[in-house]
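Numbering (our numbering), first residue to last: 28 to 265.
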């Protein structure tokens, strides 16, 4: 009788240990890392999300589940502004405007925003996330979807670029705040945003605000065409 009781106790403890061990990849690696297979039942992007959420053997930890939608919104914002800057660069590169300095400025901002988008996509996938461009998440990290007129003069283009950079800086600040002060914190992602975005955005805002104020002062003359030409020459050297 004592032997039977001892065997029952050992068996119950073993079942409890097994249930707890199923929470860890190392103990259920054969099943956890292949818990879902692509059968063609779902579209590819839905299957990727389903697989990432079902498998224990993933790269997700800390607060990535809560911060991922905010980063997705910020990626969309960066891509939107990249194409806006590209249109501005094209506008000033036309034979009618012929402002190579302004074209250089906005082409650089467009390339930077596009590169930042790629870097954020790599960061999210490195943390086990999925970037789904078929889903739009509204958050303070998003930018307005209302289309603005981009065929503007030199001074108004600088004002528009300054507004864009302030929106991107606000978006980066929001993502950083969510990563540091929300219930599910993510210090690694907060450090990444602080190191790669906040300082750079602050520097760009400072530079564009200086450009806008300088050009506004230069244009306080009856015929500002020479002032704009000289300012464009200055931008070419930056």
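Here a beta-carbon is modelled for each residue, glycine too, at the ideal position from N, C-alpha and C. In this text the structure is predicted, and so the values were computed from the model without any measurement.
Worksheet entry | Three-state secondary structure assigned by DSSP to residue 157 | If DSSP states are grouped into helix, strand and coil, residue 157 belongs with coil.
Worksheet item: So the alpha helix (DSSP H) residue 214 belongs to, where does it begin and stop?
Response: From DSSP, the alpha helix (DSSP H) with residue 214 extends over 214 to 220.
Fill in: Any 3 or more C-beta pairs closer than 8 Å across the stretch 107 to 114 and the stretch 182 to 195
Between the stretch 107 to 114 and the stretch 182 to 195 there are three or more inter-stretch CB-CB distances shorter than 8 Å, so the stretches are counted as touching.
Worksheet item: So residue 256 is in the alpha helix (DSSP H); what residue range does that whole segment cover?
Response: From DSSP, the alpha helix (DSSP H) with residue 256 extends over 252 to 263.
Worksheet entry | Cutoff 6 Å; reference residue 120; Cβ partners in own chain excluding five residues on either side | Within the same chain, residue 120 has close Cβ partners 130.
Worksheet item: Any contact of the stretch 195 to 202 with the stretch 222 to 232, i.e. 3+ C-beta pairs under 8 Å?
Response: Yes, the stretch 195 to 202 touches the stretch 222 to 232.
Item to complete: Enumerate in chain order the residues of its own chain whose CB-to-CB distance from residue 205 is below 6 Å, with the five nearest sequence positions on each side excluded.
Response: When the five nearest sequence neighbours on each side are left out, the beta carbons in the same chain lying within less than 6 Å of the beta carbon of residue 205 are those of 94, 97, in order along the chain.
Discussion item. Tell me the rounded alpha-carbon separation between residue 264 and residue 210.
Written reply: A direct Cα-Cα distance of roughly 48 Å separates residue 264 from residue 210.
Practice prompt. May I ask you to report which of helix, strand or coil DSSP gives residue 149?
Written response: In the three-state DSSP reduction, residue 149 falls in the helix class (H, G or I).
Worksheet item: Comparing alpha-carbon positions, which option in 216, 116, 249, 158 lies nearest residue 88?
Response: With distances taken between Cα atoms, residue 88 lies closest to 216.
Fill in: Nearest-angstrom Cα separation, counted from residue 144 out to residue 220
The straight-line gap from Cα to Cα measures roughly 12 Å.
Practice prompt. Please report the Cβ distance between residue 115 and residue 182, rounded to the nearest whole angstrom; I am assuming they are in contact, meaning their Cβ atoms lie under 8 Å.
Written response: Rounded, the Cβ-Cβ distance is 13 Å, inconsistent with contact.
Item to complete: Report the residue from 156, 126, 101, 175 whose alpha carbon sits nearest the alpha carbon of residue 141.
Response: Ranking 156, 126, 101, 175 by Cα distance to residue 141 puts 101 first.
Practice prompt. Go ahead and pull the three-state DSSP assignment for residue 129.
Written response: In this structure, DSSP gives residue 129 a helical state, which the three-state scheme calls helix.
Item to complete: Within its chain, find whatever has a CB closer than 7 Å to the CB of residue 262; leave out the 5 residues flanking it on each side and keep chain order.
Response: Counting only Cβ-Cβ distances below 7 Å, and skipping sequence neighbours, we find 128, 129, 131, 132.
Worksheet entry | Residues near residue 251 in its chain [Cβ-Cβ closer than 6 Å; skip 5 each side] | Cβ within range, chain order: n/a, list empty.
Discussion item. Just to confirm my understanding: we take residue 80, look at its own chain, exclude 5 residues before and 5 after, and list those with CB closer than 7 Å. What are they?
Written reply: Confidence in residue 80 is poor, its pLDDT being 49 and thus under 50, which makes the residue's placement unreliable; the coordinate value appears in the next sentence. So the list is empty, once near-sequence residues are dropped.
Practice prompt. Leaving out five residues on either side along the sequence, give the residues of the same chain with a beta carbon under 8 Å from the beta carbon of residue 146.
Written response: Spatial neighbours of residue 146 in its own chain (CB-CB distance under 8 Å, excluding positions within 5 residues in sequence) are listed in chain order as 223.
Discussion item. Given a cut-off of 9 Å on the beta-carbon distance, is the pair residue 91 and residue 155 in contact?
Written reply: Yes, the Cβ-Cβ distance between residue 91 and residue 155 is below 9 Å.
Practice prompt. Tell me whether residue 158 is buried or exposed, calling it buried when 16 or more other Cβ atoms sit within 10 Å of its Cβ.
Written response: Under a 10 Å Cβ-count criterion, residue 158 is classified as buried, with 16 or more other Cβ atoms of the shown protein chains found around its own Cβ.
Worksheet item: Which residues in the same chain as residue 260 place their Cβ atom closer than 8 Å to its Cβ, once the five residues preceding and following it in sequence are excluded?
Response: Setting aside the 5 residues that flank it on each side, residue 260 is surrounded in the same chain by 128, each with a C-beta closer than 8 Å to its C-beta; the list follows chain order.
Fill in: Outcome for residue 105 when other beta-carbon atoms lying within 10 angstroms are tallied against a minimum of 16
Looking at its Cβ environment, which holds 16 or more other Cβ atoms inside 10 Å, residue 105 is buried.
Worksheet entry | Beta-carbon proximity check, residue 255 vs residue 126, cutoff 9 Å | In this structure, residue 255 sits near residue 126, with a CB-CB distance shorter than 9 Å.
Discussion item. Just to confirm the assignment: which complete alpha helix (DSSP H) runs, minimum length 4, are found wholly within the stretch 178 to 253?
Written reply: Counting only runs of 4 or more, we get 181 to 208, 214 to 220, 226 to 245.
Worksheet item: In three-state DSSP terms, what is residue 137?
Response: The answer is helix: DSSP assigns residue 137 an H, G or I state.
Item to complete: Determine the burial state of residue 243: buried for a count of at least 16 other Cβ atoms within 10 Å of its Cβ, exposed for fewer.
Response: The residue in question, residue 243, is exposed, as its Cβ has fewer than 16 Cβ neighbours within 10 Å.
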